[in-house]
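Worksheet: the structure to be examined is printed underneath.
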Amino acid sequence: MDNFIVSARKYRPAAFNTVVGQGHITNTLKNAIKTGHLAQAFLFCGPRGVGKTTCARILAKTINCTNRSENTEACDTCESCKSFNEGASLNISELDAASNNSVDDIRNLVDQVRYAPQLGTHKVYIIDEVHMLSIQAFNAFLKTLEEPPKHAIFILATTEKHKIIPTILSRCQIFDFNRIQIEDIANHLAFIAKSENITAETDALHIIAQKADGALRDACSIFDQIVSFSGNSITYKAVIENLNILDYDYYFKVTDANLGENISNALLVFNEILNNGFDGHNFVAGMGSHFRNLLVSKDHETLQLLEVGNNIKEKYKEQAGKCSLSFLIRGLTILNKTDIQYKSSKNQRLQVELALMQLCSINSIGADSEKKKDLIKAEAKPLKSETVNITASNPNNSQQVNIAAPSVNAVKTEAPPVTDVTNITASISTPPVKEEHTAPVIKKPVIKTASPSISQHLNVEKKKETADENSKEQNQNTSNQPSQPFTQQSLEEIWDKYANDIKAKGRANLATALLSRRPVLKNETIIEFTINNKAIEESIEEDKMNFLGFLRKELNNFLIQLQLIMTSAEEKTNLYTATDRYKHLAEKNPAINKLRQIFDLDIEF
Ligand SMILES: [Zn+2]
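Residue numbers (the working numbering): 767 to 1371.
See the structure below:
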């Protein structure tokens, strides 16, 4: 390691034709040099590590070369080229605007620009990270940029083009550098490996190229890092270990488990991944990429979008053959949803596991829904009254039954007017419930029924919705839940018990609201509770799950429904202030007035 030079520097391209992946730029520059139409100000834009500074240097060298070759490359033998290659040329000057962004720095540069080069024809000034210059520095620079001396060429480089002010942009010839393709980076790394007598597996180099995300310099650094880690032989295994990259094999394994509907296997592989110290979110993102890769592998046309080594490409082709298009698309939807929800989830592991279970169920659900489609088609006629929109003739009890199966347009037929409500409920409730068991993930059938006792009390539109939900719950619960009758008295006892419980837990407001009035048992299962204020309604609605659960459990009746009735008339009698309360009491008992006068009492506000 006596004379170690990092690969990015050692193998930095020294001629236009060795620049990796920026052919559109090098060709334009070469042509401009050849025809003598070279601009004096350039703006090189693009991500880091893609060759902006390298191109600027090659341009400086080539333009000063006294003995350019036919295809406009520097000769590397003339005096100018030699001094460039030794890094001793005075015709190139680099300013890093990230650390030298003041007006003074720019003034120094502008002062230098005046002097013509001693050797060669042009002086090239590279200003890196030019977007970091202060506004004043920009302004100090504008004049020079507009009318530079003949021998001066400015190359401004930036990773953030949008931060460059328009006055600068309009004075420069702009070149947009590409992110370098993974294939190109891998080839370049292979070239370096060969020159350094290092054996490297192609897949390993592809992984490095992927990790570098389009930046050749980064790829070279990673390459050096791996070499120092594993010596003169770079293997796929060493690379994924060193870069902490999840092995492709895991994704193939999980996908195999998904295809085989083997939930346990999928969960075990995920567990192994977590045990190896990988993050669940990375895994989800990786699975997404994997499915995407499988998708593009299915078509010969899109196969070129697959940026992996050849061995892995074969694996992809093989697995893609086993996956149906709908499996992959549904899988991608599931993974994408998990990806979005992951951050906000409290139980992130479960989130991923749930996704895996869904992935394992795609095929069976797909098959089920196909079967169901056929079934519904076949049975549409005999079951007319069960799979239709039923519009009851009684205006108070309008009923709707929609049975929604996935990707099946609900069969809608006008049924004869029905008057007997209970019969309908009975006849429709069975088949959808059965469906639910066979296909757990399928959208549940939406059953909207309103029993007369509920709808009679509902005047407001919003209330109707809640009632619909209630009856939906009711429908699902009718099967085997206990429904023991109870009395108004036992209801009040349990009601107060709950109120006192939550009071003890510090929720005095809600408790007071619950205790302020009596619940009324309307029929066997409907409890009516009158409220006079929106806030109370909201807090009861918020707590409804707990509250209703408590009532149902304590009263051993799981059909209990709670209806909130809003009254506006009673609002006026609310005694908020002390004066109100005093007046109210005085009305009831005039002696209080006397008492106050005798003792000359004030009302405390
Ligand atoms: Zn030369």
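Quick reminder that beta carbons are idealized off the backbone N, C-alpha and C, glycines included.
Checklist entry - Between which two residues does the beta strand (DSSP E) containing glutamate 836 stretch? => result Reading the sequence shown from its first residue, position 70 is the one you call residue 836. For glutamate 836, there is no enclosing beta strand (DSSP E), since its DSSP letter is neither H nor E.
Item to check | Any alpha helix (DSSP H) of 4 or more consecutive residues that is wholly inside the stretch 843-920 | outcome: 845-851, 869-879 and 901-912
Checklist entry - Looking at threonine 843 and ligand 1, is the gap between the Cβ and the nearest heavy atom below 7 Å? => result As a working note, residue 843 is residue 77 in the sequence shown. It does: the Cβ of threonine 843 is within 7 Å (strictly closer) of some heavy atom of ligand 1.
Checklist entry - Looking at the structure shown, is leucine 1367 part of a helix, part of a strand, or coil, going by DSSP? => result As a working mapping, residue 1367 is identified with position 601 in the sequence shown. Coil, per DSSP.
Checklist entry - By Cβ distance below 8 Å, which residues in the same chain neighbour histidine 917 in space, the five residues on each side in sequence not counted? => result Taking the sequence shown and counting its residues from 1, one reaches residue 917 at position 151. These residues qualify, in order along the chain: Ala882, Pro883, Thr887, His888 and Lys889.
Next on the checklist: By the three-class DSSP mapping on this structure, what secondary structure does phenylalanine 1044 have?
Outcome noted: For this step, residue 1044 is matched to residue 278 along the sequence shown. Coil, per DSSP.
Checklist entry - Where does the unbroken alpha helix (DSSP H) through glutamine 1329 begin, and where does it stop? => result Here the question's residue 1329 lines up with position 563 in the sequence shown. Element bounds for glutamine 1329: not the alpha helix (DSSP H) but the beta strand (DSSP E), 1327-1332.
Checklist entry - Since aspartate 979 and glycine 1054 are thought to touch, with beta carbons under 8 Å apart, how far apart are those beta carbons, to the nearest angstrom? => result As a position in the sequence shown, residue 979 is number 213, starting the count at 1. As a position in the sequence shown, residue 1054 is number 288, starting the count at 1. About 17 Å; that fails the 8 Å criterion.
Item to check | Residue span of the alpha helix (DSSP H) that contains phenylalanine 989, given as start and end | outcome: The count along the sequence shown starts at 1 and reaches residue 989 at position 223. That run of the alpha helix (DSSP H) goes 982-996.
Next on the checklist: Between the stretch 959-973 and the stretch 983-1000, can you find at least three pairs of beta-carbon atoms closer than 8 Å?
Outcome noted: Cβ pair count under 8 Å is three or more, so yes.
Checklist entry - Given that a residue counts as buried once 16 or more other Cβ atoms are within 10 Å of its Cβ, and exposed if not, what is lysine 1360? => result Looking up residue 1360 in the sequence shown gives position 594. Within 10 angstroms of the beta-carbon of lysine 1360 lie fewer than 16 other beta-carbons, which makes it exposed.
Next on the checklist: In whole angstroms, give me the CA-to-CA distance for lysine 1349 and asparagine 1298.
Outcome noted: Numbered from its first residue, the sequence shown carries residue 1349 at position 583. Numbered from its first residue, the sequence shown carries residue 1298 at position 532. If you take the alpha carbons of lysine 1349 and asparagine 1298, they lie about 21 Å apart.
Item to check | Assigned secondary structure, phenylalanine 808 (DSSP; H/G/I helix, E/B strand, else coil) | outcome: Reading the sequence shown from its first residue, position 42 is the one you call residue 808. The answer is strand: DSSP assigns phenylalanine 808 an E or B state.
Checklist entry - alpha helix (DSSP H) containing glutamine 1255: first to last residue? => result As a position in the sequence shown, residue 1255 is number 489, starting the count at 1. Residues 1254-1270.
Item to check | N-terminal and C-terminal residue of the beta strand (DSSP E) that isoleucine 948 is part of | outcome: As a position in the sequence shown, residue 948 is number 182, starting the count at 1. First-last for isoleucine 948: 948-961, but that is the alpha helix (DSSP H), not the beta strand (DSSP E).
Next on the checklist: Need the endpoints of the alpha helix (DSSP H) that threonine 748 sits in, please.
Outcome noted: Given that the chain is displayed from residue 767 to residue 1371, the structure contains no residue 748 and the question cannot be resolved.
Checklist entry - Count the other CB atoms within 10 Å of the CB of glycine 1075; is the residue buried (16 or more) or exposed (fewer)? => result The residue given as residue 1075 occupies position 309 in the sequence shown. With 16 or more other Cβ atoms within 10 Å, it is buried.
Next on the checklist: So, does the stretch 1004-1018 touch the stretch 977-994, judging by three or more C-beta pairs under 8 Å?
Outcome noted: yes
Next on the checklist: Pull the bridge partners of serine 1249 from the DSSP assignment, please.
Outcome noted: Stepping through the sequence shown from its first residue, residue 1249 is reached at position 483. For serine 1249, which the question treats as bridged, DSSP gives the partners Asn1323.
Checklist entry - In the structure shown, what three-state DSSP assignment does aspartate 942 receive? => result Within the sequence shown, residue 942 is the residue found at index 176, counting from 1. Of the three classes helix, strand and coil, the one that applies to aspartate 942 here is strand, per DSSP.
Checklist entry - Rounded C-beta distance between alanine 975 and isoleucine 1011? I'm assuming under 8 Å. => result Taking the first residue of the sequence shown as 1, we reach residue 975 at position 209. Taking the first residue of the sequence shown as 1, we reach residue 1011 at position 245. With a Cβ gap of about 12 Å, alanine 975 and isoleucine 1011 do not count as contacting.
Checklist entry - Is the CB-CB distance between proline 915 and arginine 880 below 8 Å? => result Walking along the sequence shown from the start, residue 915 turns up at place 149. Walking along the sequence shown from the start, residue 880 turns up at place 114. The answer is yes: Cβ separation under 8 Å.
Item to check | Bounding residues of the alpha helix (DSSP H) (the contiguous stretch that carries phenylalanine 1295) | outcome: Start at 1 with the first residue of the sequence shown, and residue 1295 comes out as number 529. DSSP places phenylalanine 1295 in no alpha helix (DSSP H) but in the uninterrupted beta strand (DSSP E) bounded by 1292-1297.
Item to check | Unbroken alpha helix (DSSP H) run spanning arginine 1096, endpoints | outcome: Position 330 of the sequence shown, counted from the first residue, corresponds to residue 1096. Element bounds for arginine 1096: 1091-1108.
Next on the checklist: Using a 10 Å radius around the Cβ and a threshold of 16 neighbouring Cβ atoms, would you call glutamine 1247 buried or exposed?
Outcome noted: As a working note, residue 1247 is residue 481 in the sequence shown. Glutamine 1247 is exposed by the Cβ-count criterion.
Next on the checklist: Using a 10 Å radius around the Cβ and a threshold of 16 neighbouring Cβ atoms, would you call glycine 817 buried or exposed?
Outcome noted: Taking the first residue of the sequence shown as 1, we reach residue 817 at position 51. With 16 or more other Cβ atoms within 10 Å, it is buried.
Next on the checklist: Here's the rule I'm using: 16 or more other beta-carbon atoms within 10 Å means buried, otherwise exposed. How should phenylalanine 941 be labelled?
Outcome noted: By one-based count along the sequence shown, residue 941 stands at place 175. So phenylalanine 941 ends up on the buried side.
Next on the checklist: Please identify the residue among Ala798, Leu856, Ile1302 and Ala1032 whose C-alpha is closest to the C-alpha of threonine 878.
Outcome noted: Locating residue 878 in the sequence shown gives position 112, counting from the first residue. Strictly speaking, residue 878 in this sequence is glutamine, with threonine absent from that position. Of the candidates Ala798, Leu856, Ile1302 and Ala1032, the one whose C-alpha sits nearest the C-alpha of glutamine 878 is Leu856.
Checklist entry - What residues in its chain sit with their C-beta under 7 Å from that of phenylalanine 1252, if we drop five residues either side in the sequence? => result Residue mapping note: residue 1252 aligns to position 486 of the sequence shown, counting from 1. Same-chain partners within the cutoff: Leu1321 and Asn1323.
Next on the checklist: At the level of alpha carbons, what is the spacing between lysine 1064 and lysine 1083?
Outcome noted: If you number the sequence shown from 1, residue 1064 lands on position 298. If you number the sequence shown from 1, residue 1083 lands on position 317. For lysine 1064 and lysine 1083, the distance between alpha carbons rounds to 7 Å.
Checklist entry - Which of helix, strand or coil does DSSP assign to isoleucine 930? => result As a first step, residue 930 is located in the sequence shown; it is residue number 164 there, counting from the start. Isoleucine 930: coil per DSSP, three-state reduction.
Item to check | N-terminal and C-terminal residue of the alpha helix (DSSP H) that alanine 822 is part of | outcome: Here residue 822 refers to the residue found at position 56 of the sequence shown. From DSSP, the alpha helix (DSSP H) with alanine 822 extends over 818-830.
Item to check | Straight-line gap, aspartate 1366 to threonine 1343 (C-alpha atoms, nearest Å) | outcome: The residue labelled residue 1366 in the question sits at position 600 within the sequence shown. The residue labelled residue 1343 in the question sits at position 577 within the sequence shown. Distance between the alpha carbons of aspartate 1366 and threonine 1343 is about 20 Å.
Next on the checklist: Cutting at 6 Å between CB atoms, please list the residues of its own chain near leucine 922, excluding the five before and the five after it.
Outcome noted: Here residue 922 refers to the residue found at position 156 of the sequence shown. Short of 6 Å from the beta carbon of leucine 922, and not among the five residues preceding or following it, lie these beta carbons of its own chain, in chain order: Leu809, Ile893 and Val896.
Item to check | Spatial distance of cysteine 938 from glycine 853 (CA atoms) | outcome: Reading the sequence shown from its first residue, position 172 is the one you call residue 938. Reading the sequence shown from its first residue, position 87 is the one you call residue 853. Rounded to whole angstroms, cysteine 938 to glycine 853 spans 27 Å at the Cα level.
Checklist entry - Can you give the Cα-Cα distance for tyrosine 1017 and isoleucine 1095, rounded to whole angstroms? => result Numbered from 1 along the sequence shown, position 251 holds the residue referred to as residue 1017. Numbered from 1 along the sequence shown, position 329 holds the residue referred to as residue 1095. Rounded to the nearest angstrom, the two C-alpha atoms are 16 Å apart.
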